[in-house]
Amino acid sequence: MDEIPDTQNAPAEHPVDPVDRVLERARGRSDVWVFGSAQALQDAATAGGADSDGDQWDREERAALRRIPGLSTELEDVTEVEYRQLRLENVVLVGVHPQGEQENAENSLRELAALAETAGAVVLDGLLQRRP
């Protein structure tokens, strides 16, 4: 089996691309994993209902606010951008590709990682799955 690079203790001078790390790890193992069906972990009696996932409150609060054109300050705009960056800070990239298209999928995942970083996100990891 190939040696998998240790990125946890890698020196800061030679950063390892997360996508390369995932691809290297994937080359070392080619096992197929089949999982069973998912199980619900919450009792149906305590579930809030299908119409409420918590985002409705956030949407209602945003809808209640009205912005008056010309009065917004630069500070408010910066705060809004910083808030978005916090929400997009850490990401894991996932790609699916048909058999024989692994190289294209790897390139696509690298491009997506670069795009995510330009948007202010930190790419934690990536995963490629081959479609049967």
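Just add 55 to wherever you are in the sequence shown, counting from 1, and you've got the working numbering. From the three backbone atoms N, C-alpha and C, an ideal C-beta is built for every residue, glycine too.
1) Quick check: what's the CA-CA separation for A174 versus A168?
2) Under 8 angstroms between the Cβ atoms of R165 and V71?
3) Just how far apart, CA to CA, sit P153 and E116?
4) Using three-state DSSP, classify M56 as helix, strand or coil.
In this structure, then:
1) Rounded to the nearest angstrom, the gap between the Cα atoms of A174 and A168 is 10 angstroms.
2) No, the Cβ-Cβ distance between R165 and V71 is not below 8 angstroms.
3) Spanning the two alpha carbons is a distance of roughly 43 angstroms.
4) Here the model assigns M56 a pLDDT of 47, short of 50, so the residue's position is not dependable and the matter cannot be decided.
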